[in-house]
Every structure is written in C-alpha cells, then in structure tokens.
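Residue numbers (my numbering): 4 to 282. Virtual Cβ for every residue (Gly too), placed ideally from N, Cα, C. Report on the following structure.
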Amino acid sequence: MTHDNCHPRPERFTADGVKLYSIRQVNNLPPETKEAIYRHLLPCQVLSRCGIDPETLCDAQGNRLVTFTCPEGSRVVEIDVRPRVGFADPLLYLQMADTRLNQIEVMLFIVNDPDSERFETDRDWQGERTKFGTFKRNIPEEIRAMKAGLAPGQVRRGLRLSRVLISLFEEFVQRLGHDYYLMEPLAYHNAILLERLGCNYVQGLRRMQWIHVNFQPGGLLHERLDGSTPFRQPDAWRTVRGRSWAIHDGILGEPWHGIRMYKRVGQHAGVDTFPGGAY
C-alpha cells in the first residue's frame, strides 16, 4: 500500500465561511455556487474533445452541453455531458450521493466514445430499456458487442478516462472533508478495474477470490464454460472481459450483487483478485 505525501491537501469547499461536508449541503447552495463546485468533477479532456467551453459549458454555437441535476434538499448530484446537441448517449455521466452514514458514494460513472459504433444492448428487440442487461437482455446485440471487445453494460467503447476520474473524485471528496469514498461495481470487470485503480472492498472480497479460484481449470465455473451459449466459451476464464460476460450470462447461478468497494484518498490498496489477468 502506498500513500502520496507529495501533494498538499486541496483547499476545502466553503460557503459564507462555513466548510461543506456533503452533497446535500452543496445542493442547497444557489445555482451558480453549486455549479461552480460541481465543475471540479469535469475532466478537461472530456470538454476539449467536443469543443465545450470550460467557462460557459457550451459549444461554439452557444448550445449548453453540460447538465447538472442537483435540486435543493437532495442528497444526489447527476452530471450529464453530451458531445453535441441531441446526441443519444452521454459523453460522460456521473451520479454521486451522500449515504445514510454521511459518506460519499460514486453511484455510477459512464464514459462513451461518441465516434465509436453503438450497440443496442440497453434495449431489447421491442425497444424497452434493459437496465444494463440486468432486467432484460438483447442477446444478438450483446453478442455483437462482445465480439467487438466491449464488456457487459457498454453501448459504446470508452475513452480510457477511469484513472483521470478517480483522481478527480479523490480531490472532490477531500475538499468536502472526507478521506475516502464508496463505489458499487455494476459488473465483474468494473470490480477488477477498480482494484487496479487502487480500490479495496467493503464487502465482496471473499466472493471475488472464490470467483477467481473457481474459474481455474477444475473449478466449478470453469466446468460451466461448456460452450452452451456464446458467452460461455471454454477460454473465457482467461480474461477479465470473458469472465464478466460469463457472469452476466448467469454462470454464477445467481445475479451479480453484494460487491461494495471504497477508495481511500492518496492510497493504492494493492488488492488483486485476478493476478496477471488480461483485460
């Protein structure tokens, strides 16, 4: 485990001289004040990619492309960045909230490459939402997405900005007086990615270790990679993505759940439940 002592703690967020500790406190501020605070969660790479002015958050034609949803009294903030007006998918979507124990949790973050091919994995053949494939599934589109190198839940290729976002999250929660934040990975590959970015487990470490052991030759999950579906190919155990598709396909015998993680500011936990695993 390492700790970064080379950088001073960032200046705390305040309002009228009072230090802020929570999303709810920020949400109760005047619109221009809370927006100025939430701008700190926007990676400059995301804005510059689509020509979004960092001051106005508009494109060259004056269209506002960044939306902050942070109503007064709420404990949740949502940030939605579109690459252009009317585009179906966000370039960046972020949801962050206070927990009941006054912690801060990153509920969800999504990054899409707007120039990449889109896969309709988020809708079934009738056009109904699939909720990341957890409620319903669009199997033909999932097969296409898998063959194209995407992971479960993705509709487009990403932009490899997770490390940048983790750094922004750390600085943001520090400025609210916290030294860690929580995350809940939506799929196996998300958990492995967060491990590699320095996160540890609140709950689910033993489950992740069990999954790794049982994907080894002779293990229960390895035996279930019998080619019975396109997502259960015999060599799927060798990669993070292959395992994640098999788990998404139900190879565990139960839904993916019960995994909760945290990231401590300035520290890399060193957890690795898939040593040497290719993505």
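Proximity below 7 Å, CB of residue i to CB of residue j
| i | j | result |
| --- | --- | --- |
| ALA281 | GLY201 | no |
| ALA190 | GLY156 | yes |
| ARG160 | ASP125 | no |
| VAL114 | LEU95 | yes |
| ASN217 | LEU228 | no |
| ILE107 | HIS181 | yes |
| ILE40 | PHE16 | yes |
| THR276 | GLN212 | yes |
| PRO46 | LEU164 | yes |
Rounded distance between the beta-carbons of residue j and residue i, thought under 8 Å
| i | j | result |
| --- | --- | --- |
| VAL109 | TYR204 | Going by Cβ atoms, the distance from VAL109 to TYR204 rounds to 15 Å, so no, they are not a contact pair. |
| ALA154 | ARG244 | 5 Å |
| ARG27 | SER77 | 7 Å |
| LEU68 | ARG42 | No, LEU68 and ARG42 are not in contact; Cβ-Cβ is about 13 Å, not under 8 Å. |
| GLU14 | ARG178 | 7 Å |
| VAL176 | GLN48 | Their Cβ separation, rounded to whole angstroms, is 21 Å, which puts VAL176 and GLN48 out of contact at 8 Å. |
Same chain, Cβ closer than 7 Å to residue i, five either side skipped, listed in chain order
| i | result |
| --- | --- |
| LYS37 | VAL29, ASN30 and CYS73 |
| ILE254 | LEU224, ARG227 and ARG235 |
| ALA100 | ILE26, ARG78, VAL79, GLU108 and MET110 |
Proximal residues to residue i (C-beta, below 6 Å), its chain only, five neighbours per side dropped
| i | result |
| --- | --- |
| GLN206 | ARG263 |
| VAL274 | GLU198 and ASN203 |
| LEU104 | none |
| PRO278 | none |
Backbone CA spacing between residue i and residue j [nearest angstrom]
| i | j | result |
| --- | --- | --- |
| GLU144 | LEU111 | 23 Å |
| ARG12 | VAL268 | 10 Å |
| ARG140 | LYS22 | 46 Å |
| ASP1 | LEU44 | One cannot answer for residue 1 here, as it falls past the ends of the chain, which runs 4 to 282. |
| LYS150 | ASP92 | 21 Å |
| GLY130 | TYR24 | The pLDDT assigned to GLY130 is 49, lower than 50, so where the model puts this residue is not dependable; a value taken from the coordinates is nonetheless given after this. Going from the Cα of GLY130 to the Cα of TYR24 covers about 41 Å. |
| ILE214 | PRO233 | 20 Å |
| MET186 | HIS192 | 14 Å |
| ARG241 | PRO188 | 20 Å |
| LEU97 | LEU196 | 17 Å |
| ILE250 | THR59 | 43 Å |
| GLU120 | PRO34 | 36 Å |
Buried/exposed call for residue i, threshold 16 Cβ in 10 Å
| i | result |
| --- | --- |
| LYS266 | buried |
| PHE172 | buried |
| PRO237 | exposed |
| ASP118 | exposed |
| SER51 | exposed |
| SER170 | exposed |
| ALA1 | The requested residue 1 does not occur in the structure, where the chain is confined to residues 4 to 282. |
| HIS260 | exposed |
Neighbourhood of residue i by C-beta distance below 8 Å, restricted to the same chain and skipping five residues each side
| i | result |
| --- | --- |
| GLU75 | ASN30 and ASN31 |
| GLY230 | GLN236 and PRO237 |
| GLU123 | ASN141, GLU144 and VAL158 |
Contact test: residue i Cβ vs the ligand NAP heavy atom, cutoff 6 Å
| i | result |
| --- | --- |
| LEU200 | With respect to the ligand NAP, the structure shown offers nothing to examine, as it has no ligands at all. |
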